[in-house]
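Sequences listed follow chains R and V, in order. Each number in my numbering comes from the position in the first sequence (counting from 1) with 2 added on. Take the second sequence: its position 251, counting from 1, is numbered 242 in my numbering, and each next residue is one higher. We put the beta carbon where it would ideally sit given N, CA and C, even for glycine.
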Amino acid sequence: MTIQLTPLQLGDIFDRTFKVVAKSFGRNIILILIFLGVPSVLLVLGLQAFYSMVGDAMQEASAGGGGGFKDLSVFIGAMLFIACVGVIYFLAYLASKLAVTSIACGEMNDQPLSWREALQRTLSKRFGRTVGQALLCYLAVAGFFLFPFVLVLIGASAGSGFLGIIGVLAFFITIPLAVMYWIRWTMALNTIAWEEQGVLGSFSRSEFLVKGQWWRVFGILLLLGVIVQFAVSLVSAPVMFIAMWDSFSEYFKLLSTTNPQKANPEVSLQILSSMGLGMGLTACLSAILTMFVEPVYVSVLYFDLRARTGEFGPEPESGTTLVIPDEI
Amino acid sequence: MDESPSTGQGIVEEPMTSETLLDGSWERAHRSPQAAAILAMLGIGALYFNGQSILISLTMVFSDVFGKLTDQPAGFFDRLAYYAVAMKNPLRLSIVISQYTLILLPVLWVVRRWHSSNYRQYIRLKNSPVLDVALAIAGTAFFFPVNLSVTSFLERAIHAPDFLIKINQTLFTASSPGELFWLIFVIALTPAVCEEVLFRGYVQRTLERTIGWKSVLVTGVIFGLFHMQPLGLLSLSLMGILFGYFYYRTRSLVPSMAAHCTNNFLAILILYVHSSGGHQDFPLFIIIISVIVEAFILLLFHRVTGVPSSSPIVSPA
């Protein structure tokens, strides 16, 4: 099938996003559970164990029981475990994003994919490309900040205030540069998921699509990002509060029984020991909730940009999809 | 879009007397009303919370720099209490300004621009029978002890320290009859108008067009979440459902506004009378009696509002 789509207005983008999210909700839940279910549990448990261990060790140290971590290997082991869980979570996050993007692109292209088809598409060479694209993208953006960072380091070590100031200024100048490229490469994942682009091809294809529409893409992504994050915070705030109920309870108990004007290290250690669960749950829940929406609106925007480059041909009414069977 | 809001929801409609013309840009493009409701609600929510934070921060900085905040205490919590007292009026003013400019005006703009030029009719800002309003007020008043007790129970369960509760209450406690009137305007009237126009008049009304009575539950829970008070989530959601129910049955914004105003007014009054602060409680027998009377009032309200007046929605030609 070939679709015809005219450039979408802002309202059409919101409307399409809502409709695609609603239509693909069930399939996305399955895919997100498949990819992010176990890594999320691992991350929550890992963070809880890590914070608990650090809190216990510090409590022991503050009680005069020695130098905190009696066995350094335990600490290193915990750090390695967290690092491994982090890498697994990152890969699962990318896979989940790729799968949801495939579903959203299918909906936009009037070729709905089942969750099994999306899973198959994800567990293919596309996944390797997605990982490569994400790593390159993050490294490039981080690389922008390398120069100012080095300047500040040199300034600090040489005691040169001038170099330090230049470094800080360069840092602030780098922010818009990083944002500029980040937006240019926003569509890279979609081009991998739907057009089977390679790693480097996805960057150039994304730049081509965004060219001339940078401010529009930036504005829409910013607006939708703020709205989605606000929605996520509405849901995750009470969840975090319930997950950290014991921490808050202990904290308030200590505040009620001790003089609030005096700093009490026990309070912060108590909080530290039990904050892993709350932090982990909040982070995972936020990532999962965002996963339902973010790849969808980026996909809608991707099709809009393709329509703006004239890839779908002329269309009589804005925001309407016409399906032309192949045989015609 | 020509569905009538209560069709198929178990409510018999009165003969149609007027029409709500859906001539806004969103309606003309035949976009999803649910998408509009969710988008506008989240957009206005983000605008309100961020805008209010900026406004309050500016107010505090302005007061700190140009005000008479001298001899500030050293301790963190003492300083917090000092700030709460010293800045209560600028903070209250910030609440009023942000409610009207960041909630009410954007909602009305969205309704006029996206949905209908007759925005008053769309949000159902119309007169309601006195009995409906009186029952809504009574229903809220008898729900108040339950509401307060639930929050108080949770505050005790989490061991919320009295001094923190008192700091929070400082903002909402009047020390004189004059201040009480000002607080009634800030805390009771203003949210009753602005929040009801957003949640019931716009969000519930728009969702009602596609999901019918379920919009009462959905909007109620959203109302609870929007207040960002984890301890009050349950009671605020129940209250939101109650206000939504009044709106749904009467097809008028006035009863839910009156109910919202009553609830907030009672909260201020309790603090004014019970000026020592701390946990607010009612004896168990009062709560039990309240629940029984509440059930009776809701039953009566349901019977009285059995045949809600409604207006059909028509698409532009």
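DSSP-derived helix/strand/coil call for residue i
i	result
LEU115/R	coil
ILE149/V	coil
LEU12/V	strand
GLY312/R	coil
ILE290/R	helix
GLN199/R	coil
PRO274/V	coil
GLY297/V	coil
ALA20/V	coil
MET246/R	coil
LYS255/R	helix
TRP187/R	coil
ILE178/V	helix
PHE20/R	helix
MET281/R	helix
LEU125/R	coil
THR210/V	helix
TRP204/V	coil
THR176/R	helix
THR164/V	coil
SER119/V	coil
PHE147/R	coil
ILE35/V	helix
ILE114/V	coil
GLN331/R	The structure shown does not extend to residue 331/R, since chain R is modelled only from 3 through 330, so no value can be given for it.
GLN25/V	helix
GLY161/R	coil
ARG242/V	coil
ASN254/V	helix
MET219/V	coil
Test item: CB-CB of residue i and residue j under 9 Å
i	j	result
ALA37/V	PHE232/R	yes
VAL98/V	GLY15/V	no
ILE90/R	LEU33/R	no
TRP173/V	ARG104/V	no
GLN195/V	VAL209/V	yes
ILE78/R	LEU303/R	no
GLU155/R	ALA172/R	In the sequence under discussion, the amino acid at residue 155/R is Leu, which differs from the Glu named in the question. Contact flag unset, no.
PHE164/R	THR311/R	no
ASN138/V	LEU229/V	yes
VAL245/V	GLY231/V	no
ARG131/R	ILE229/R	no
ALA94/R	VAL40/R	yes
GLY235/V	ARG200/V	no
Selected residue, minimal CA-CA separation from residue i, among the options
i	options	result
HIS251/V	LEU260/V, LEU262/V, LEU233/V	LEU233/V
ALA136/R	GLY157/R, LEU100/R, LEU45/R, LEU165/R	LEU100/R
ASP58/R	ALA309/R, CYS286/R, GLY278/R, ALA285/R	GLY278/R
ALA27/V	LEU171/R, PRO41/R, LEU12/R	LEU12/R
MET51/V	VAL76/V, GLY34/V, ILE259/V	VAL76/V
PRO182/V	ARG70/V, ASP153/V, PHE217/V	PHE217/V
PHE146/R	GLY200/R, TYR183/R, GLU209/R	TYR183/R
THR164/V	LEU291/V, PRO274/V, ILE178/V, ILE279/V	ILE178/V
LEU71/V	LEU162/V, THR201/V, THR253/V	LEU162/V
PHE287/V	VAL245/V, THR131/V, GLU146/V	THR131/V
LEU279/V	SER140/V, LEU155/V, GLY203/V, VAL207/V	Looking at the sequence itself, residue 279/V is Ile, so the reference to Leu does not match. It is SER140/V whose Cα lies nearest to the Cα of ILE279/V.
PHE20/R	LEU141/R, GLY166/R, PRO297/R, VAL237/R	PRO297/R
ILE244/R	ALA148/V, SER44/V, GLN90/V, ASP123/V	ALA148/V
ALA80/R	SER206/R, MET60/R, ALA51/R	ALA51/R
ARG19/V	TRP204/V, SER108/V, VAL87/V, TYR91/V	SER108/V
ASN111/R	ALA85/R, VAL22/R, SER75/R	VAL22/R
LEU225/R	ALA31/V, PRO24/V, GLN25/V	ALA31/V
Residues of its chain near residue i, where Cβ-Cβ distance is below 8 Å and the 5 sequence neighbours each way are ignored
i	result
HIS293/V	ARG240
PHE342/R	Here chain R covers residues 3 to 330 and nothing more, so residue 342/R does not appear.
ILE175/V	PHE256, ILE259
CYS286/R	LEU38, SER42, LEU45, VAL46
VAL408/R	This structure does not reach residue 408/R, given that chain R is present from 3 up to 330, and the question cannot be answered.
ILE290/R	ILE34, LEU38, SER42
Contact set for residue i: own chain, Cβ-Cβ below 6 Å, skip 5 residues either direction
i	result
GLU285/V	PHE133, PHE134
GLY169/R	PRO150, LEU153, VAL154, GLY157
Close Cβ partners of residue i (< 7 Å) along its chain, the five nearest in sequence each way excluded
i	result
PHE83/R	GLY48
ASN192/R	THR103, CYS107, VAL300, SER301, TYR304
THR142/V	LEU222, GLY223, SER226
ILE128/V	ALA249, ALA250, THR253
LYS79/V	THR161, LEU162
Interface residues of chain C facing residue i [CB-CB closer than 8 Å]
i	result
PHE20/R	Absent from the structure is chain C; the protein chains it does hold are R and V.
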